[in-house]
Structures are given as structure tokens and as C-alpha cells.
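One structure below.
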Amino acid sequence: MLQILLLSRYHDRVHLSGVCLIKEFGIFIIEDIFKQIKDWRNKGIELKVNINVSPLQLRDDEFFFKFDELISKYNIPSNLIGIEFTETQILDIKEQRVNKIDEFLRRGIKISLDDFGVGYSSLINMIEFPISTIKMDKSLIDRIDENKVKTLIKGILYISKEMNYEVVAEGVETEEQLSMLKEWGCDKIQGYYISRPKTSKEIELMFNYAY
Numbered sequence: 001m002l003q004i005l006l007l008s009r010y011h012d013r014v015h016l017s018g019v020c021l022i023k024e025f026g027i028f029i030i031e032d033i034f035k036q037i038k039d040w041r042n043k044g045i046e047l048k049v050n051i052n053v054s055p056l057q058l059r060d061d062e063f064f065f066k067f068d069e070l071i072s073k074y075n076i077p078s079n080l081i082g083i084e085f086t087e088t089q090i091l092d093i094k095e096q097r098v099n100k101i102d103e104f105l106r107r108g109i110k111i112s113l114d115d116f117g118v119g120y121s122s123l124i125n126m127i128e129f130p131i132s133t134i135k136m137d138k139s140l141i142d143r144i145d146e147n148k149v150k151t152l153i154k155g156i157l158y159i160s161k162e163m164n165y166e167v168v169a170e171g172v173e174t175e176e177q178l179s180m181l182k183e184w185g186c187d188k189i190q191g192y193y194i195s196r197p198k199t200s201k202e203i204e205l206m207f208n209y210a211y
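Numbering follows full-length UniProt numbering, in which position 44 of the sequence shown is assigned residue number 44; successive positions increment by one, without gaps.
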């Protein structure tokens with residue numbers, strides 16, 4: 001899975017530069033991502049890209065209008081786009097903006113809950129927000145050899161499957177971690193053991209070599 005995180009993860013830091021700057025830069029980054037997806041598709045490469053969207057952008061009434069414009073401009077299929085919110089961001093999203101998250105679903109775009117396991121209301125978030133994927137935080141994976149953490153991870157995997165959620169393990173760095181997660185039925189793995197961050201050109205070379 002290719003993952004590109006929008007600046008929203010750092011929106012508190014750049015807030016001093018002004019909300020308007022955040023919104024404009026956010027749209028600029030999304031357009032840049034869509035350009036890359038289109039370029040890959042022209043080369044016969046179809047990869048899903050996950051974008052981290054900020055609650056600040058959900059407050060912008062024009063965000064979805066611009067988002068739709070860019071999808072149409074670059075002819076991007078909805079199955080090649082995923083939207084991510086961290087647990088901290090979910091807590092920042094008030095009830096009136098949950099309907100705006102539904103706007104992504106109406107476009108056929110799936111929602112992921114990132115950094116799962118480090119927030120204060122994980123289980124409630126699984127129920128109240130329209131998510132399709134859980135991304136277990138690296139802090140859990142780092143302690144996977146501890147008995148209590150093993151039990152917790154197995155519990156997350158069991159509950160997620162019962163609720164029909166896909167599970168991604170973040171921060172997998174060893175063969176032992178990978179082996180345990182595969183044995184327990186984790187759907188996808190992300191981390192340095194699989195691959196370190198790559199440029200778009202390196203990703204193209206990996207894809208062409210594999211296929």
C-alpha cells in the first residue's frame with residue numbers, strides 16, 4: 001500500500017501561518033497526488049494512495065467542490081484514493097462534521113482510522129465513525145512480544161474482523177513481528193521490514209520489476 005500523508009498531520013504547527021494557507025496548500029498537495037496517480041495510470045501502474053485530511057479542511061465548504069473538480073480533471077477512480085484520520089483528529093471532528101466524512105463514502109472513497117490504539121476512545125470510534133480500515137499504531141507492534149500486548153492485538157484483530165474492518169499493522173520492522181501478525185490474520189503490513197520510504201521513480205521500478 002502506498003501512503004502519502006497530507007500536511008494535515010502537522011496542521012497545529014502550521015496554523016500560525018494562517019488557516020487560508022493550510023487550505024490552499026492542502027488542495028495543492030492533493031492535486032500533486034492526483035497528477036502522480038494519473039501519471040502512473042498512463043504507465044499501466046494502479047496504486048492506491050492514502051491521504052490524511054485535516055478537520056480544518058472539513059470546515060471548508062469549498063473543500064469537497066475543489067476535491068471533486070480535481071478528481072474529474074485527472075480522471076481518478078475512487079478506489080485509488082483512501083482518506084485517513086488519526087484518532088486525535090477524530091476527537092477534533094464535531095458531530096456536525098461527521099456528515100462531511102460521509103461525503104467521501106458517497107464518492108466511493110474508504111476511510112481509515114490511523115494510529116489506532118494510542119487514543120482515548122478507540123472502541124467508540126470504531127462504532128461511531130464510518131471507517132473501513134483500522135491501522136494499528138507502531139507503539140503496539142514494538143511491544144508485540146509482551147503477553148498483554150499480544151492479547152490486545154489479537155483482540156483488535158478479532159473485533160475488527162467481526163465488524164468487517166480491514167486491519168493494517170504499522171511499523172513492522174522484524175521477521176518475528178511479521179510472522180506473528182500473519183499467523184493472527186492481519187490483513188496488511190506496513191513498515192521498514194517491507195520497505196523504507198520510496199520516491200515515485202523507485203516505486204515505478206519496484207512495480208515494473210514485480211510485474
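Glycine included, each C-beta is placed from N, C-alpha and C at the ideal position. All values derive from a computational prediction rather than experimental measurement.
Environment of residue i [buried if 16+ CB atoms lie within 10 Å]
| i | result |
| --- | --- |
| N52 | buried |
| T86 | buried |
| D68 | exposed |
| L16 | In this prediction, L16 has a pLDDT of 43, which is less than 50 and means its spatial position is unreliable; nothing more can be read from the coordinates. |
| D12 | Confidence in D12 is poor, its pLDDT being 46 and thus under 50, which makes the residue's placement unreliable; the coordinate value appears in the next sentence. Exposed: under 16 other Cβ atoms inside 10 Å. |
| L56 | buried |
| N50 | buried |
| F104 | buried |
| T133 | buried |
| K201 | exposed |
Residue i to residue j span [Cα, whole Å]
| i | j | result |
| --- | --- | --- |
| residue 267 | I156 | Residue 267 falls outside the range modelled here, since the chain spans only 1 to 211, and no answer is possible. |
| E204 | D137 | 27 Å |
| D60 | K23 | 8 Å |
| K38 | I71 | 10 Å |
| R41 | I101 | 27 Å |
Endpoints, beta strand (DSSP E) assigned at residue i
| i | result |
| --- | --- |
| M136 | T133 to M136 |
Bridge partners - residue i, DSSP secondary structure assignment
| i | result |
| --- | --- |
| E166 | T133 |
| K148 | None; K148 has no bridge partner. |
| F85 | L113 |
| E189 | According to the sequence provided, residue 189 is Ile. The question's Glu does not apply to it. A169. |
Delimiting residues of the alpha helix (DSSP H) encompassing residue i
| i | result |
| --- | --- |
| D115 | Looking at the DSSP string, D115 is not in any alpha helix (DSSP H); the run it does join, the beta strand (DSSP E), is K110 to F116. |
| I71 | F63 to Y74 |
| E46 | Taken as a continuous stretch (DSSP letters only), E46 belongs to no alpha helix (DSSP H), as it is neither H nor E. |
| S78 | From DSSP, S78 is part of no alpha helix (DSSP H); its letter is neither H nor E. |
| K182 | E175 to E183 |
| P55 | P55 to L58 |
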